[in-house]
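Chains as they are written, first to last, in our numbering: chain A, 145 to 260; chain B, 145 to 260. Note that CB positions come from ideal geometry on N, CA and C, so glycine has one too. Here's the structure we're looking at; comments come further down.
Number of protein chains: 2
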Amino acid sequence: MVRDIDQSTKAKEFDALLDTLYVIGGKWKIPIIHAICSANRQRFREIERSVTGITSRMLARELKEMEMNRLITRTVYAETPVRIEYEVTDYCKTLVPMIQSMIDWGMLHRQKIKES
Amino acid sequence: MVRDIDQSTKAKEFDALLDTLYVIGGKWKIPIIHAICSANRQRFREIERSVTGITSRMLARELKEMEMNRLITRTVYAETPVRIEYEVTDYCKTLVPMIQSMIDWGMLHRQKIKES
DNA sequence: CCGTATCCTACGGGATACTG
DNA sequence: CAGTATCCCGTAGGATACGG
């Protein structure tokens, strides 16, 4: 039946939405992506500085999770001292328009609230 | 200085991003908006049914918060029995493209993970 | 139908200290 | 620099029951 097909499509959309919210969920992932993206590649300490308020524990944890989800890559350069760089994947860059729309919307929202 | 202007712009962008994440934050708001939007207006019970897993406590709480943030309106129709409908504001509809991109991205992500 | 009132707990996430 | 190890806490949010 057409109706069944339509329902399962809606259900899949809903699940996809939940997936996305899960992947980008929590307080830090989007800000981290935004930070790495704006410099294209970044070291641990640099990210820590540009994401205001994050602790090294949280950053380490989030980076690990995002690596598992193929959002970033971690590269170790065997220099002395060792240098480690994080880079967003092309895949992750597909999130950029979404993040930009979040920024735009936040600006708008701030205006809206001021007009109380 | 140009550099200061640039930095404060970046800071504002960052804050706007945090604002958005705050407003749409939590587990339920985006799914709720998506549910109401897809029908344009909805009653409490209908929303409850289409947002899988939510409890009435959570739904009531989220709706209240979203009303405060001018994302939805609550209209009471003095019939018997009384009918109450929730509607997204035009303002809220500016979130729709973002939500759609979340859905698209979720679909993509699922593929990506399957290819492990 | 449209919620509110309680109670309770898992866990996201902060603070601090420490290692290779 | 690039993290790990502990300890700890607030609160988002689940379960359940009830009321207008």
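**Prompt:** Interface residues of chain B around residue 245 of chain A at Cβ under 8 Å?
**Reply:** 241, 242 and 245
**Message:** Closer than 7 Å between beta carbons: that is the criterion. Which residues of the segment 206-233 of chain B meet it against chain A?
**Reply:** 214
**Item:** Backbone CA spacing between residue 254 of chain A and residue 228 of chain A [nearest angstrom]
**Value:** Across the structure, residue 254 of chain A and residue 228 of chain A are spaced so that their CA atoms are roughly 37 Å apart.
**Asked** What whole-angstrom Cβ distance do residue 203 of chain B and residue 216 of chain B have, given they're in contact under 8 Å?
**Response** With 8 Å as the limit, residue 203 of chain B and residue 216 of chain B do not qualify as a contact, their Cβ atoms being about 12 Å apart.
**From A/232, A/224, A/165 and A/205, residue whose alpha carbon lies closest to that of residue 185 of chain A** = A/232
**Request:** Please determine, among A/241, A/247 and A/248, the residue with the shortest C-alpha to C-alpha distance to residue 245 of chain B.
**Result:** A/241
**chain B contact for residue 150 of chain A (CB, 8 Å cutoff)** = Interface with chain B (8 Å Cβ-Cβ cutoff): residue 150 of chain A is excluded.
**Request:** Determine the direct distance from the alpha carbon of residue 243 of chain B to that of residue 261 of chain A, and round the result to whole angstroms.
**Result:** Here chain A covers residues 145 to 260 and nothing more, so residue 261 of chain A does not appear.
**Request:** Report the residue ranges of all beta strand (DSSP E) runs contained in full by the segment 169-229 of chain A; include only those spanning at least 3 residues, in chain order.
**Result:** Restricting attention to beta strand (DSSP E) runs no shorter than 3 residues, the segment 169-229 of chain A encloses them at 216-221, ordered along the chain.
**Proximal residues to residue 238 of chain B (C-beta, below 7 Å), its chain only, five neighbours per side dropped** = none
**Cutoff 8 Å: residue 174 of chain B Cβ touching any chain A Cβ** = yes
**Item:** When A/250, A/223, A/213 and A/224 are compared against residue 259 of chain B, the one with the closest alpha-carbon
**Value:** A/213
**Prompt:** Nearest CA to the CA of residue 256 of chain A: which residue from B/252, B/235 and B/257?
**Reply:** Of B/252, B/235 and B/257, the residue nearest in Cα terms is B/235.
**Request:** Starting from the C-beta of residue 170 of chain B, find all residues in its chain whose C-beta is less than 8 Å away, skip the five residues before and the five after it, and write them out in chain order.
**Result:** 206
**Prompt:** Any idea if residue 208 of chain B is buried or exposed, counting beta-carbon neighbours within 10 angstroms, 16 or more meaning buried?
**Reply:** exposed
**Item:** Reference residue 181 of chain A, options B/154, B/180 and B/248, closest by Cα
**Value:** B/154
**Item:** Whole-number beta carbon distance between residue 161 of chain A and residue 168 of chain B, since they are thought to touch under 8 Å
**Value:** Residue 168 of chain B to residue 161 of chain A, Cβ: 12 Å. No contact.
**Message:** Please tell me whether residue 164 of chain A and residue 250 of chain B are closer than 8 Å, where the distance is taken between their beta carbons.
**Reply:** For the pair residue 164 of chain A and residue 250 of chain B, the CB atoms are nearer than the 8 Å cut-off.
**Minimum Cβ-Cβ distance from residue 190 of chain A to chain B less than 8 Å** = Taking Cβ atoms only, chain B never reaches closer than 8 Å to residue 190 of chain A, which makes this a no.
**Request:** Compare the C-beta of residue 203 of chain B against all C-beta atoms of chain A and say whether one is closer than 8 Å.
**Result:** Judged by the 8 Å Cβ criterion, residue 203 of chain B is not in contact with chain A.
**Request:** Kindly indicate which residue of A/183, A/200 and A/177 has the alpha-carbon position closest to the one of residue 210 of chain A.
**Result:** Looking only at A/183, A/200 and A/177, the smallest Cα-Cα distance to residue 210 of chain A is reached by A/177.
**Request:** Give the straight-line distance between the Cα atoms of residue 200 of chain A and residue 201 of chain B, rounded to the nearest whole angstrom.
**Result:** 36 Å
**Prompt:** residue 245 of chain A lies in the alpha helix (DSSP H); which residues open and close that run?
**Reply:** Secondary structure note for residue 245 of chain A: its alpha helix (DSSP H) is the uninterrupted segment 240-258.
**Asked** Hey, is residue 254 of chain A's beta-carbon within less than 8 Å of any beta-carbon in chain B?
**Response** yes
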